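Residue numbers (my numbering): 621 to 1200.
Every residue gets a Cβ at the ideal spot worked out from N, C-alpha and C, and that includes glycine.
Because the structure is a prediction, the values reported are computed rather than measured.
Report on the structure given below.
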Amino acid sequence: MRLSKYYIPTLKEDPADAEVMSHKLLMRAGMIRKLTSGIYTYLPTALRAINKVANIVREEMERAGAIEISMPMVQPADLWQETGRWGYYGRELLRMKDRHNREYCLGPTHEEVITDLLRGEIRSYKQLPLNLYQIQTKFRDEVRPRFGLMRGREFIMKDAYSFDADEAGAEMSYEAMYQAYSKAFERIGLSFRAVQADSGAIGGDFSHEFMVLAETGEDTIAVCEDVACGFAANLEKAKVASQPVDLKSETNIPEFSSVSTPGAHSVEEVCALLSAKASELIKTLLFSVDGEAVAALVRGDRELNEVKLRNLLGGNSIEMASPEQVIEWTGAPVGFAGPVGLQVKHIFADNELGYDRAWITGANTCDTHLKNVHLGRDVQIEQFADLRTIAQDDPCPQCGRAVHFTKGIEVGHVFKLGTKYSHAMNATFLDENGKEKTMIMGCYGIGISRIVAAAIEQNNDEQGAVFPPSIAPFEVCLIALGAKDEAVSIVAEDVYQKLLQLGIDVLYDDRKERPGVKFADADLAGWPMQLVLGSKGLANGIIEAKNRKTGQRVDLELSDFIKVFSKWHQDVWNVWGLDL
RNA sequence: CGGGGCAUGGCGCAGUCUGGAAGCGCGCCUGCUUUGGGAGCAGGAUGCCGGGAGUUCAAAUCUCUCUGCCCCGACCA
């Protein structure tokens, strides 16, 4: 491609509304433009990167036995009503009506459509297993779109759905997708981790997220320091190593008594006032579950994990109690709730809270706390459970060594659905005994457009983006310098043709621009390889090659260009840990 | 959905408090010079100051209202 005839509208300044690096660079490198909140046009170079990502994913899907289809974006409401998600999915689902006043939505995901398709087609176990996928634009009406392509409302996703006759088959399908995802992200050249993820009400450990490691990631993941152990989990999922609650120990704890704690709403304030450690306090957190009060107790220095609490309650939606509800339920403003004498539907306590200690808790009276509270004697705990969020340096739930935190961007999610949708939509088949059975499903998503943003988020410097060669819009940028030296453009043209013959994606910067402009644009766009031809080099029979990632420059002999270029090409991919 | 902020040539911004000629930088067009890290000089084009209503002799500026966008907290590829 000749840049003089191409379209890459670069910007010198950061756009005012871009916050994260990938958004700024995608805008500045002339890859995307915003139409409206969370909705972007992919300009030529973004589209090329997206297509490269899609092709790698497509190859790995096909290799794993998945088959590509394309389903409609517009989906009828009645399918969603059948699974109950028309109501459950909420405002994120963009709804609309046609001229006959029939209701539709724009597809945020396709479980309903695919299940509807196959329940009409699959009659026999002989037709299973089946794994169908598509790569398509999805629409989710996010409450707050942000960060450019990282969290758009419209985005490109690969979604696959597997259908199996039995559990063993479903697990194999899941495993095949897990492997295919790992392979795809490796081939793209991303530094990533597969982590255990929350699987909500369905339960089990059959859900993994694929996280691109980047400081600006929105998710936090807990990773075991022992690489051999390999434990990695989303923070909301990570189990805390179970510590048996000592339910027997009855130490000589005196009767509990009130202490005045005027104005001390927070753990820190109470600690300061009573000269206590946060770990000697119990935080009593109140939640509203279908309008009823539920209390969850965690140690003062810990964070409650709402996902764990929700799962304990069977996956119902829970809401933090409003200040008004706290007053209604405890008789005191926020900051003074405690379990003693508390009248609520459930009182749950984190495993870490034992019977062997005297605790400080709120007194359900304004400006008052209790000390010497004994959980067995003074409070009826309905259930002890793993309720808190794992902390930095906690023991790994798998091996006991320490866990560390890192940030990640979720780019893929594999999920074993079981019969959630097939049961609701009656997708059945006859097994070898002629018995009717429900298909077992899995679903597997990859954020194609998000990967492009994540790749930039993970690879950039002061000059701009640094694309992995696997997905760079162009692998090589050929820069011809010396407008007054005609020999340069003749040789540059020859090099350009040779690169095309090698099948390289090459962008030839043949613009009548000053060198500085060309260098700056090339660095900004992040082409993995730059070839610079000027009068000086030409006089010495060489073309200068720059590896964008390492900044390393080498001279390539023009007399043997194809050979020396091919070797350097290989080297650049090797630096990324990629195979050509 | 709650809290905060912004809206002025293509982009980034000043001007708004205190009403009185619509400005700056970058980009764009023309010409000359320049050409190994975002050039210099000269000339030029480009604005419903987000929309509507109001106050006033007079509104980018004050009031009301609508819309759009961004940022901070609960969901997801």
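Would you report the Cα separation of residue i and residue j, rounded to the nearest angstrom?
{"i": "VAL1023", "j": "ALA804", "result": "27 Å"}
{"i": "ALA697", "j": "LYS1027", "result": "37 Å"}
{"i": "PRO943", "j": "ASP1006", "result": "26 Å"}
{"i": "LEU855", "j": "ILE1029", "result": "13 Å"}
{"i": "SER1069", "j": "ALA941", "result": "37 Å"}
{"i": "SER877", "j": "LEU894", "result": "13 Å"}
{"i": "ASP766", "j": "GLY658", "result": "Per the sequence presented here, residue 766 reads as Arg, with Asp not at that position. Spanning the two alpha carbons is a distance of roughly 7 Å."}
{"i": "ASP921", "j": "ARG977", "result": "16 Å"}
{"i": "VAL993", "j": "THR985", "result": "15 Å"}
{"i": "ALA861", "j": "LEU906", "result": "25 Å"}
{"i": "LEU1198", "j": "GLY772", "result": "29 Å"}
{"i": "ILE652", "j": "ALA669", "result": "12 Å"}
{"i": "SER1042", "j": "MET1059", "result": "6 Å"}
{"i": "LEU699", "j": "PHE956", "result": "47 Å"}
{"i": "ALA814", "j": "GLN945", "result": "40 Å"}
{"i": "CYS844", "j": "ILE687", "result": "36 Å"}
{"i": "GLU829", "j": "MET792", "result": "18 Å"}
{"i": "GLU639", "j": "TYR660", "result": "16 Å"}
{"i": "MET611", "j": "TYR708", "result": "Residue 611 lies beyond the stretch modelled for the chain, which goes from 621 to 1200, so this question has no answer here."}
{"i": "TYR745", "j": "PHE1049", "result": "6 Å"}
{"i": "ARG678", "j": "ASP1175", "result": "37 Å"}
{"i": "ALA952", "j": "HIS989", "result": "11 Å"}
{"i": "GLY850", "j": "GLY1020", "result": "12 Å"}
{"i": "GLY837", "j": "SER1179", "result": "47 Å"}
{"i": "VAL960", "j": "VAL1034", "result": "43 Å"}
{"i": "LEU1119", "j": "ALA649", "result": "23 Å"}
{"i": "SER802", "j": "LEU769", "result": "22 Å"}
{"i": "GLY809", "j": "GLN1172", "result": "19 Å"}
{"i": "THR1039", "j": "ALA788", "result": "14 Å"}
{"i": "THR757", "j": "THR656", "result": "16 Å"}
State the start and end residues of the unbroken beta strand (DSSP E) segment that holds residue i.
{"i": "HIS828", "result": "827-833"}
{"i": "GLN1117", "result": "Careful: GLN1117 lies outside any beta strand (DSSP E), inside the alpha helix (DSSP H) at 1106-1121."}
{"i": "ARG813", "result": "812-816"}
{"i": "ALA915", "result": "912-919"}
{"i": "GLN695", "result": "694-696"}
{"i": "SER877", "result": "877-880"}
{"i": "GLU1056", "result": "1056-1058"}
{"i": "GLY996", "result": "Per DSSP, GLY996 belongs to no beta strand (DSSP E); it is in the alpha helix (DSSP H), 995-998."}
{"i": "GLN1150", "result": "1149-1153"}
What are the start and end residues of the alpha helix (DSSP H) that includes residue i?
{"i": "TYR798", "result": "787-808"}
{"i": "PRO664", "result": "664-683"}
{"i": "ASN1194", "result": "1181-1195"}
{"i": "GLY768", "result": "Where GLY768 is concerned, there is no enclosing alpha helix (DSSP H), given that its DSSP letter is neither H nor E."}
{"i": "PRO1135", "result": "1135-1145"}
{"i": "MET621", "result": "Looking at the DSSP string, MET621 is not in any alpha helix (DSSP H), and its letter there is neither H nor E."}
{"i": "ASN1167", "result": "No alpha helix (DSSP H) contains ASN1167, which is instead part of the beta strand (DSSP E) from 1162-1167."}
{"i": "GLU845", "result": "Premise fails: GLU845 is in no alpha helix (DSSP H) and is neither H nor E."}
{"i": "ALA952", "result": "No alpha helix (DSSP H) holds ALA952; DSSP gives it neither H nor E."}
Tell me, to the nearest whole angstrom, how far the beta carbon of residue i is from that of residue j; I am working on the premise that it is less than 8 Å.
{"i": "ASP987", "j": "THR904", "result": "So it is not a contact: roughly 16 Å between Cβ atoms."}
{"i": "VAL918", "j": "ASP970", "result": "5 Å"}
{"i": "CYS1063", "j": "ASP779", "result": "7 Å"}
{"i": "LEU901", "j": "TRP979", "result": "7 Å"}
{"i": "ARG705", "j": "ALA1047", "result": "Rounded, the Cβ-Cβ distance is 15 Å, inconsistent with contact."}
Let's test the definition: count the other Cβ atoms within 10 Å of the Cβ of residue i and tell me whether it reaches 16, buried, or not, exposed.
{"i": "TYR627", "result": "exposed"}
{"i": "PRO728", "result": "buried"}
{"i": "PRO874", "result": "exposed"}
{"i": "ALA1152", "result": "With the sequence shown as reference, residue 1152 is identified as Val, and Ala is not the correct amino acid for it. VAL1152 is buried by the Cβ-count criterion."}
{"i": "ASP637", "result": "exposed"}
{"i": "LEU924", "result": "buried"}
{"i": "SER1155", "result": "exposed"}
{"i": "ALA848", "result": "exposed"}
{"i": "PRO629", "result": "exposed"}
{"i": "ASN751", "result": "buried"}
{"i": "GLY1146", "result": "buried"}
{"i": "SER782", "result": "buried"}
{"i": "PRO692", "result": "exposed"}
{"i": "LEU631", "result": "exposed"}
{"i": "VAL1072", "result": "buried"}
{"i": "GLN701", "result": "exposed"}
{"i": "VAL1126", "result": "buried"}
{"i": "GLN1003", "result": "exposed"}
{"i": "GLU731", "result": "buried"}
{"i": "ASP1130", "result": "buried"}
For the ligand MN, any of its heavy atoms closer than 7 Å to the Cβ of residue i?
{"i": "GLN1003", "result": "This structure lacks the ligand MN, and indeed carries no ligand of any kind."}
Answer yes if the region 1163-1180 comes into contact with the region 1143-1152, meaning at least three C-beta pairs across the two stretches below 8 Å, and no otherwise.
Yes: at least three Cβ pairs fall under 8 Å.
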